[in-house]
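Asker: Heads up: the sequence shown begins at 1 in the numbering used here, then just goes up one per residue. Have a look at this one.
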Amino acid sequence: MFTRCIPAAAAILLATPYAALAQSSVTISGYLKLSVEGLKLGDSAKSPSGESRLVDDSSRIIFAVTEDLGRGLQAIAQIDWRIAPDSGAGAPSGNNWVGVRSASWGILKLGRHDLHYNADPSEITAKAGSKKAGPVALLAFAAGGRTAIAGNTRTPNAVVWDSPTWGPFDLRLAYSANTATAEADIGSAVRRGRAWNVMPRLTVSQWQLGWSHWDSKPDAALAGEQKADRFWGYYAWGGLRIGLAYDKSRIHTGGSADTSRRTAWSVPLRYRSGNHNFHAEHARARDDTVTASADGARMLALAYVYELSKRTSLGLSYARIRNDPDAAYNLDGSAGSQGSPSGAVAPGEDPRVIAATIRHAF
1 MFTRCIPAAA AILLATPYAA LAQSSVTISG YLKLSVEGLK LGDSAKSPSG ESRLVDDSSR
61 IIFAVTEDLG RGLQAIAQID WRIAPDSGAG APSGNNWVGV RSASWGILKL GRHDLHYNAD
121 PSEITAKAGS KKAGPVALLA FAAGGRTAIA GNTRTPNAVV WDSPTWGPFD LRLAYSANTA
181 TAEADIGSAV RRGRAWNVMP RLTVSQWQLG WSHWDSKPDA ALAGEQKADR FWGYYAWGGL
241 RIGLAYDKSR IHTGGSADTS RRTAWSVPLR YRSGNHNFHA EHARARDDTV TASADGARML
301 ALAYVYELSK RTSLGLSYAR IRNDPDAAYN LDGSAGSQGS PSGAVAPGED PRVIAATIRH
361 AF
């Protein structure tokens with residue numbers, strides 16, 4: 001009898017986990033993206049003032065978890081693992097969160113999220129266009145390019161609600177307890193920090209209008225408050241798409257004294273014909289109105305991307321920033337994070353890059 005019970009017990013043990021997992025799913029996706037590039041700093045005292053290098057272009061592996069809870073409700077989670085195939089480095093520093101989703105009331109997520117800084121209509125980096133060609137290099141920085149707005153990266157400690165789509169309209173509301181590190185209110189006699197992001201969008205077939213408002217205060221410090229508004233839109237006609245983004249950002253000390261006020265704009269153009277994608281973008285950051293120095297910048301970016309398949313594409317990109325004498329705007333992700341501290345821009349230097357990129361999504 002004992003020997004007859006063994007197969008039955010084994011069947012129960014094998015069937016139980018399967019039944020529990022039947023309502024859950026884990027999907028793995030992401031992409032590998034690498035560029036061979038030549039970087040040059042114009043009007044630079046550095047010698048040499050350029051280098052050739054192989055760099056990662058924000059490769060990632062994403063683990064997405066979904067569990068059906070019934071009644072139209074799902075539990076969801078994501079681990080966004082950023083990897084650098086060129087150096088072998090990696091860290092779970094992407095958009096990581098856990099939450100719930102409902103078709104009737106939207107998505108609630110807790111974790112790290114891209115908020116505000118990358119809200120624009122550009123598509124130049126979407127496939128095999130170099131990350132360094134992206135307009136956030138100007139749109140997401142103030143104070144002559146020295147201070148990132150919304151960190152120019154993921155915001156930690158964030159609670160995010162994405163609304164369902166109400167006809168052509170959707171809305172994002174986000175709150176962060178501290179935008180830099182762990183919460184630091186206890187024992188602080190200075191101030192409790194926080195950040196808000198409100199982003200409504202209107203999307204109708206061939207066009208979209210959007211607005212993102214960012215308002216942040218750091219914990220335990222009066223300096224570094226940020227207020228920013230980004231307006232954008234695009235219109236697509238056949239293979240042609242034209243967009244416009246306008247950004248107004250300011251930094252202040254917690255009172256009435258602003259330390260930076262600047263406006264910036266970008267115009268992205270894209271033309272698609274079959275597997276061929278052509279991009280041309282121009283961006284401009286105006287002089288800071290708080291300072292008396294010339295600290296504006298202009299950016300030109302061009303890219304050609306050929307899609308070998310739906311998952312694999314090749315690209316050739318060119319991007320250049322012309323800084324005013326006291327400006328230090330840099331190509332996105334171009335300095336120390338790529339293993340080249342010499343890529344950091346000094347005031348008045350003009351960074352430019354030519355990049356050949358391959359991207360494979362999975």
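Every residue, glycine too, gets a C-beta built ideally from N, C-alpha and C.
Please determine, among Gly111, Trp81, Gln206 and Ile251, the residue with the shortest C-alpha to C-alpha distance to Asp99.
Answerer: In the sequence under discussion, the amino acid at residue 99 is Gly, which differs from the Asp named in the question. The shortest C-alpha separation from Gly99 is found at Gly111.
Asker: At the level of alpha carbons, what is the spacing between Thr289 and Ser260?
Answerer: In a straight line, the C-alpha of Thr289 is about 7 Å away from that of Ser260.
Asker: Starting from Leu115 and walking both ways along the beta strand (DSSP E), at which residues does that stretch end?
Answerer: That residue, Leu115, is in no beta strand (DSSP E); it is neither H nor E in DSSP.
Asker: Does the pairing of the region 136-146 with the region 168-178 give three or more beta-carbon distances under 8 Å?
Answerer: No, the region 136-146 does not touch the region 168-178.
Asker: Who are the near neighbours of Lys227 in its chain, counting only those whose CB is closer than 6 Å to its CB and skipping five residues on each side?
Answerer: Excluding sequence neighbours, Lys227 sits near Asp215 and Arg250.
Asker: Going residue by residue through the region 285-332, where are the continuous beta strand (DSSP E) segments of at least 3 residues, counting only ones entirely within it?
Answerer: The qualifying runs are 297-307 and 312-323.
Asker: By DSSP's criteria, Ile28 is part of a beta bridge. Which residues make up the other side?
Answerer: Answer is Phe63, bridged to Ile28.
Asker: Using only the alpha-carbon positions, how far apart do Leu32 and Tyr318 sit?
Answerer: The alpha-carbon atoms of Leu32 and Tyr318 are separated by roughly 20 Å.
Asker: When DSSP labels each residue in this structure, what does Ala124 get in the three-state scheme?
Answerer: It should be pointed out that residue 124 corresponds to Ile in this sequence rather than to Ala. Coil.
Asker: Are Gly144 and Ser293 close, meaning C-beta to C-beta below 9 Å?
Answerer: Yes, these two residues count as a Cβ contact at 9 Å.
Asker: Please list, in chain order, all residues of the same chain as Pro85 whose beta carbon is under 7 Å from its beta carbon, the five residues on each side excluded.
Answerer: Closer than 7 Å at Cβ, skipping near neighbours: Leu32, Leu34, Asp56 and Ser59.
Asker: In this structure, how does DSSP classify Gln338 when only helix, strand and coil are distinguished?
Answerer: Only weak support exists for where Gln338 lies, its pLDDT of 42 falling under 50; the coordinates are left without a value.
Asker: Quick one: grab the DSSP three-state call for Gly151.
Answerer: Gly151: helix per DSSP, three-state reduction.
Asker: Return helix, strand or coil for Lys227, following the three-state DSSP convention.
Answerer: If DSSP states are grouped into helix, strand and coil, Lys227 belongs with the strands.
Asker: Who are the near neighbours of His360 in its chain, counting only those whose CB is closer than 7 Å to its CB and skipping five residues on each side?
Answerer: Taken in chain order, the residues that qualify are Tyr31, Leu32, Arg311 and Thr312.
Asker: What is the DSSP secondary structure of Val345, reduced to helix, strand or coil?
Answerer: Correct three-state label for Val345: coil.
Asker: Check whether the region 163-173 and the region 72-82 touch, using three or more Cβ-Cβ pairs below 8 Å as the test.
Answerer: With a cut-off of 8 Å, the region 72-82 and the region 163-173 do not count as touching, because too few Cβ pairs lie within range.
Asker: Locate the alpha helix (DSSP H) running through Leu138, then write down its first and last residues.
Answerer: Element bounds for Leu138: Val136 to Leu139.
Asker: So what does DSSP say about Ala143, is it helix, strand or coil?
Answerer: Coil at Ala143, not helix or strand.
Asker: Do you know how far the Cα of Met299 is from the Cα of Ala283?
Answerer: Going by the C-alpha atoms only, they are around 5 Å apart.
Asker: Classify Thr155 as buried or exposed, calling it buried when 16 or more other Cβ atoms lie within 10 Å of its own Cβ.
Answerer: Under this definition Thr155 is a buried residue.
Asker: Starting from Thr263, trace the beta strand (DSSP E) both ways and give me its first and last residue.
Answerer: Residues Asp258 to Ser273.
Asker: Identify, in the order they occur along the chain, each residue of the same chain with its Cβ nearer than 6 Å to the Cβ of Lys132, setting aside the five sequence neighbours on each side.
Answerer: Excluding positions up to five away in sequence, the list reads Ala319, Leu331, Asp332, Ser334 and Val353.
Asker: Give me the Cα-Cα distance between Pro351 and Ala297, rounded to the nearest whole angstrom.
Answerer: The alpha-carbon atoms of Pro351 and Ala297 are separated by roughly 11 Å.
Asker: Just reading off the beta strand (DSSP E) that Arg201 is part of, what are its end residues?
Answerer: First-last of the beta strand (DSSP E) with Arg201: Arg194 to Val204.
Asker: Can you find a C-beta in chain D that's less than 9 Å from the C-beta of Trp196?
Answerer: Given the protein chain composition of this structure (a single chain), no chain D is represented.
Asker: Out of curiosity, what's the CA-to-CA distance linking Ser324 and Glu349?
Answerer: Residue identity check: residue 324 is Asp in the sequence provided, not Ser. Those two C-alpha atoms are separated by around 8 Å.
Asker: Is the CB-CB distance between Val130 and Gly315 below 9 Å?
Answerer: Note that residue 130 is Ser in the sequence shown, not Val. In this structure, Gly315 lies closer than 9 Å to Ser130 by Cβ.
Asker: Taking a contact to mean a Cβ-Cβ separation below 9 Å, would you say Ala64 touches Ala77 in this structure?
Answerer: Against a cut-off of 9 Å, the Cβ pair of Ala77 and Ala64 comes out as a contact.
Asker: If I measure Cβ to Cβ from Pro92 and keep anything under 8 Å in the same chain, skipping five residues before and after, which residues do I get?
Answerer: Ile79, Asp80, Trp81 and Arg82, listed in sequence order.
Asker: In whole angstroms, what separates the C-alpha of Thr27 from that of Thr291?
Answerer: Distance between the alpha carbons of Thr27 and Thr291: 50 Å.
Asker: Based on the DSSP output, what are the partners of Glu51 in its beta bridges?
Answerer: In the DSSP output, where bridge partners are listed per residue, Glu51 has Leu39.
Asker: Going by the DSSP bridge assignment, what does Val353 pair with across the sheet?
Answerer: Val353 is bridged to Leu39 and Ala319.
Asker: Determine the contact status of Gly238 and Gly210, defining contact as a CB-CB distance below 9 Å.
Answerer: Contact: no.
Asker: With a threshold of 7 Å on Cβ separation, who are the neighbours of Ala285 within its own chain once the five nearest residues in sequence on each side are excluded?
Answerer: Only Leu138, Arg262, Ala264, Gly296, Ala297 and Tyr329 meet the Cβ criterion.
Asker: Looking only at its chain, what residues have a beta carbon closer than 7 Å to the beta carbon of His276, apart from the 5 residues adjacent to it on each side?
Answerer: Excluding sequence neighbours, His276 sits near Tyr306.
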